[in-house]
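Participant: Residue 18 in the UniProt record's numbering is what sits at position 18 of the sequence shown, and the numbering runs on without skipping anything. Below is a structure I'd like to ask you about.
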Amino acid sequence: MLKALVLLFLAWVCFLFYAGIAVFTSGFLLTRLELTNHSICQELPGKGPLVGGGRGEPGACWTAPRFSRAVVVLIDALRFDFVQPWPDGLPAPQPFLGRLGSIQRLLEAQPQHARLYRFLADPPTTTMQRLKALTTGSLPTFIDAGSNFASYAIQEDNLIAQLNNTGKRVVFMGDDTWKDLFPGAFSEAFFFPSFNVKDLHTVDNGILEHLYPTMDRDDWDLLIAHFLGVDHCGHKHGPHHPEMAKKLNQMDQMLQTLVERLENDTLLVVAGDHGMTETGDHGGDSKPEVTAALFLYSPLPLFPRAPLKDPEVVPQVNLVPTLALLLGLPIPFGNIGEVMVDLFSREGDAQPLATALAQASAYHLNAQQVSRFLRAYSLAAQDLPPEELQHLQNLFSSASSEYERLLDQLKTEEIYRRMQEALRGKLAGGGGQTPMSLAAYGLGSVYSAAMVTTLALLAFPLLLLHTERISLAFLILFLQSFLLLQLLATAVGNPAGSSGPFSVPWLAISAWALTATQTFYSTGHQPVFPAIHWNAAFVGFPEGHGSSPLLPAVLVGANTFASHLLFSVGCPLLLLWPFVCEGQGSTKKKPLASGAEVEGEKEEEPLMEMRLRDAPHHFNAALLQLGLKYLFILGIQVLACVLAASILRRHLMVWKVFAPKFIFEAVGFVVSSLALLLGVALVMWVDRAVGSWFKQLILSQER
Numbered sequence: 001m002l003k004a005l006v007l008l009f010l011a012w013v014c015f016l017f018y019a020g021i022a023v024f025t026s027g028f029l030l031t032r033l034e035l036t037n038h039s040i041c042q043e044l045p046g047k048g049p050l051v052g053g054g055r056g057e058p059g060a061c062w063t064a065p066r067f068s069r070a071v072v073v074l075i076d077a078l079r080f081d082f083v084q085p086w087p088d089g090l091p092a093p094q095p096f097l098g099r100l101g102s103i104q105r106l107l108e109a110q111p112q113h114a115r116l117y118r119f120l121a122d123p124p125t126t127t128m129q130r131l132k133a134l135t136t137g138s139l140p141t142f143i144d145a146g147s148n149f150a151s152y153a154i155q156e157d158n159l160i161a162q163l164n165n166t167g168k169r170v171v172f173m174g175d176d177t178w179k180d181l182f183p184g185a186f187s188e189a190f191f192f193p194s195f196n197v198k199d200l201h202t203v204d205n206g207i208l209e210h211l212y213p214t215m216d217r218d219d220w221d222l223l224i225a226h227f228l229g230v231d232h233c234g235h236k237h238g239p240h241h242p243e244m245a246k247k248l249n250q251m252d253q254m255l256q257t258l259v260e261r262l263e264n265d266t267l268l269v270v271a272g273d274h275g276m277t278e279t280g281d282h283g284g285d286s287k288p289e290v291t292a293a294l295f296l297y298s299p300l301p302l303f304p305r306a307p308l309k310d311p312e313v314v315p316q317v318n319l320v321p322t323l324a325l326l327l328g329l330p331i332p333f334g335n336i337g338e339v340m341v342d343l344f345s346r347e348g349d350a351q352p353l354a355t356a357l358a359q360a361s362a363y364h365l366n367a368q369q370v371s372r373f374l375r376a377y378s379l380a381a382q383d384l385p386p387e388e389l390q391h392l393q394n395l396f397s398s399a400s401s402e403y404e405r406l407l408d409q410l411k412t413e414e415i416y417r418r419m420q421e422a423l424r425g426k427l428a429g430g431g432g433q434t435p436m437s438l439a440a441y442g443l444g445s446v447y448s449a450a451m452v453t454t455l456a457l458l459a460f461p462l463l464l465l466h467t468e469r470i471s472l473a474f475l476i477l478f479l480q481s482f483l484l485l486q487l488l489a490t491a492v493g494n495p496a497g498s499s500g501p502f503s504v505p506w507l508a509i510s511a512w513a514l515t516a517t518q519t520f521y522s523t524g525h526q527p528v529f530p531a532i533h534w535n536a537a538f539v540g541f542p543e544g545h546g547s548s549p550l551l552p553a554v555l556v557g558a559n560t561f562a563s564h565l566l567f568s569v570g571c572p573l574l575l576l577w578p579f580v581c582e583g584q585g586s587t588k589k590k591p592l593a594s595g596a597e598v599e600g601e602k603e604e605e606p607l608m609e610m611r612l613r614d615a616p617h618h619f620n621a622a623l624l625q626l627g628l629k630y631l632f633i634l635g636i637q638v639l640a641c642v643l644a645a646s647i648l649r650r651h652l653m654v655w656k657v658f659a660p661k662f663i664f665e666a667v668g669f670v671v672s673s674l675a676l677l678l679g680v681a682l683v684m685w686v687d688r689a690v691g692s693w694f695k696q697l698i699l700s701q702e703r
């Protein structure tokens, strides 16, 4: 009963720490309430007239569509410099430069049909969070990065839902993450497993098999192709490997064929969801990770003027309202992106007034939609400052009044008629018994032997999850741990004096916890998301795990927090080891009263760990004290991260350094505390087994 109380008390202390971490996390990490409201064609986001078409026209919603169909080619991890034009004839210093020549030729030959942008992603630059932003127009919160292994259906209003609501047909092919985000949303879909980053070709080749036949059909309105080869090549080889050049050449050939098959009423969108670091990783907020590429092309003139010399920077969320209005759809309810007004021109410079009005109308609809979202969000979440919200509403009301006065001055009815006629004309054109002596052998180290055996069994699979070059670090870890235990035993001295070994010094526990942290770094880990060893997910499963993300998450987590697991499970050794070393002293012959020694009769063998068995109350108290001290030291580490994140919450590096450090420290505390409970429970289980064995032994001797 006493052992159960010790475990329950330690678990209660752990729970208090968990509660504290949860309270701080809820206030520190960014959170966002997801609204389930949806925009509909029958209800405009605000008052005011429509310019350039609208309700009542065939195929029109808030505004008349400029395109009837669109092809969205999403090339995962398409960094901007992978697409940036490279002068012909000059040797490229890097394998990825100048490989997408089809885009460069279109930009040079048809500057009013094609445009290249720097597509700025918001961190975290993980695929699922980027897909949410690219379809909803909202920003994922920081903690959402943890859901990259467990995609779930998007409940917010999004482009795919709007297409379905208006009777449009969506065809998808590629990354099976979309299947979890949009279950049952596609009229036709070809999903391919996405998690095996060592596979560069299965997904891409599968898409190419279905892409061109689908392009030649007329039974779709939006075609989405999500290629993964570039991203997987970055994870496996990095961007500077020759395989990256081969993969980009394949994408270039694909784009060239797509352009040749485009109809006049179809818009081509080529985009990257994020970039990658120089090692091929992503997830953080460095410039190479957040700077992706966006390329737009139409067989008909799309832009009123030639592009600027330096490509414009466009946030990723801006694509959502732009695509929605170009296809004649309502802007998703929760969108916070801004329309790309260059795409709302009217026949180039031939109709500058019509172009200006179309762009003003797009801005007005966009502003109305964002204003409506802010009002709804402020009522649901109540965490927007009322003064700031009122100030924004006043600015919007003033701008809306000016917009309506502008329309009145320009004889809007005549403008409407001309623009509608022009648009209609364009669309029309286009075992055995063991002796008692053997059974009793080793009782002096019965607890520590079980602990060492458990640690060895645990360390072996954890070692396999790391690369070969880390084996030396693990060897040094084991030697360092052994040396620390030996120093502790020496410092405690002879445990014959009962007080010593029943209380582990603070210094020893602090050194043990510090060694765990040192091992975390010495095995190649860092408390940032791009440094996570994703390759651990494929140890033993080179071909992938199927559709379940659970096993990969467990493998990656075990790789990351291996040191926390080993040192926390082995923490009771700090209490047990001095008793083990008690048996290393020399034995003496037992003297007689006369001073002579009896031949062959020696002093009793040291009891070692059996002395713990002889004092169960002291043993349980010592285990409880050890666990509390270790949890206290771990809690101090978490507290330091909490204070750093709180004090420096306005620091430039808060989301790059301090927030990831806090998350890693908090998760490490949870892992360490659970492992500590496991280690203490193991010692108590062995103690119970030894007690049961002694009872059986006593009963057998009394018979």
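Every residue, glycine too, gets a C-beta built ideally from N, C-alpha and C.
(1) With 16 other CB atoms within 10 Å as the buried threshold, where does residue 318 fall?
(2) Could you check which residue in 356, 354, 315 has the C-alpha nearest to that of residue 336?
(3) If contacts are defined as beta-carbon pairs under 8 Å, then residue 704 and residue 74 qualify, I think. What distance do you get, rounded to the angstrom?
(4) One question on the structure: do residue 259 and residue 106 come within less than 8 Å of each other, judged by their Cβ atoms?
(5) Go through its chain and collect everything with a Cβ distance to residue 149's Cβ below 6 Å, but skip five positions before and after it.
(6) Out of curiosity, what's the CA-to-CA distance linking residue 496 and residue 570?
(7) For the beta strand (DSSP E) containing residue 114, name the first residue and the last one.
(8) Give a yes or no on contact between the stretch 482–490 and the stretch 523–530, applying the rule of three or more CB pairs nearer than 8 Å.
(9) Beta-carbon separation of residue 581 and residue 489 under 8 Å?
(10) Using the DSSP secondary-structure output, state which residues sit across from residue 315 in a beta bridge.
(11) Alpha carbon to alpha carbon, what distance is there between residue 623 and residue 9?
(12) Given residue 92, which residues of its chain have a CB within under 7 Å of its CB, disregarding the five upstream and five downstream residues?
(13) With DSSP as the reference, identify every bridge partner of residue 297, one or two as the case may be.
(14) From residue 177 to residue 19, what does the alpha carbon distance come to, in whole angstroms?
(15) Alpha carbon to alpha carbon, how far is residue 659 from residue 24?
(16) According to the Cβ coordinates, are residue 634 and residue 672 closer than 8 Å?
(17) Rounded to the nearest angstrom, what separates residue 615 and residue 577 at their Cα positions?
(18) Please confirm whether residue 355 and residue 371 have their CB atoms less than 8 Å apart.
(19) So is residue 446 buried or exposed if we call it buried at 16+ other beta carbons inside 10 Å?
(20) Give the DSSP-derived three-state secondary structure of residue 79 in the structure shown.
(21) Determine the DSSP secondary structure at residue 467, reduced to helix, strand or coil.
(22) For residue 364, which three-state DSSP category applies?
(23) Assign residue 613 to one of three DSSP states: helix, strand, or coil.
(24) For residue 160, which residues from the same chain have a beta carbon less than 7 Å from its beta carbon, with the 5 sequence-adjacent residues on both sides left out?
(25) Look at the alpha carbon of residue 194 and the alpha carbon of residue 610, and state the distance between them as a whole number of angstroms.
(26) Considering Cα atoms alone, identify which of 223, 334, 245, 513 is closest to residue 230.
(27) Only counting the same chain, and skipping five residues up and downstream in sequence, which positions put a Cβ closer than 7 Å to that of residue 396?
(28) Under the assumption that residue 513 contacts residue 377 (Cβ atoms under 8 Å), give the Cβ distance between them as a whole number of angstroms.
(29) Say yes only if the C-beta of residue 265 is nearer than 7 Å to one or more non-hydrogen atoms of the ligand NAD, and no if none qualify.
(30) Do the stretch 270–288 and the stretch 233–243 touch if we need at least three Cβ pairs shorter than 8 Å?
(31) So, is residue 36 buried or exposed, given that buried needs 16 or more other C-beta atoms within 10 angstroms?
(32) Under the three-state reduction of DSSP, which class applies to residue 59: helix, strand or coil?
(33) Buried or exposed: where does residue 684 fall if 16 or more other Cβ atoms within 10 Å of its Cβ makes it buried?
(34) From 71, 473, 479, pick the residue whose C-alpha is nearest to that of residue 265; which is it?
(35) To which residues of the same chain is residue 306 closer than 8 Å at the C-beta, ignoring the five residues directly before and after it?
(36) Leaving out five residues on either side along the sequence, give the residues of the same chain with a beta carbon under 7 Å from the beta carbon of residue 448.
Facilitator: In brief:
(1) buried
(2) In terms of CA proximity to residue 336, 315 leads the group 356, 354, 315.
(3) As displayed, the chain neither begins before 1 nor continues past 703, which places residue 704 out of reach and without an answer.
(4) yes
(5) With a pLDDT of only 47 at residue 149, under 50, the local geometry of the prediction cannot be trusted, and the value read off the model is given with reservation. Excluding residues within five positions, the ones whose Cβ falls inside 6 Å are 549, 553.
(6) Model confidence at residue 496 stands at a pLDDT of 46, short of 50, so the residue's coordinates are unreliable and nothing is read from them.
(7) 114–120
(8) As far as the Cβ criterion goes, the stretch 482–490 does not touch the stretch 523–530, which means the pair count is below three.
(9) yes
(10) 120
(11) Cα-Cα distance, rounded: 11 Å.
(12) 86, 98
(13) 114, 268
(14) 33 Å
(15) Approximately 12 Å, taken between the alpha carbons.
(16) Closer than 8 Å, so yes.
(17) The C-alpha of residue 615 lies about 17 Å from the C-alpha of residue 577.
(18) no
(19) buried
(20) Looking at residue 79 - three-state DSSP - the assignment turns out to be strand.
(21) coil
(22) helix
(23) Residue 613 carries a helical assignment under DSSP once its states are collapsed to helix, strand and coil.
(24) 135, 170, 182, 185
(25) Distance between the alpha carbons of residue 194 and residue 610: 55 Å.
(26) Comparing Cα-Cα distances from residue 230 to each of 223, 334, 245, 513, the minimum goes to 245.
(27) 367, 371
(28) Cβ-Cβ separation between residue 513 and residue 377: approximately 43 Å, too far for a contact (criterion under 8 Å).
(29) Among the components of this structure there are no ligands whatsoever, and the ligand NAD is therefore not found.
(30) yes
(31) Classification of residue 36: exposed, given that the 10 Å Cβ count is below 16.
(32) Because the pLDDT at residue 59 is just 48, under 50, the model does not fix this residue reliably, and the point stays unresolved.
(33) When all chains shown are included, residue 684 counts as buried.
(34) For residue 265, the closest C-alpha among the options 71, 473, 479 is that of 71.
(35) 111, 112
(36) 573, 576, 577, 580, 609
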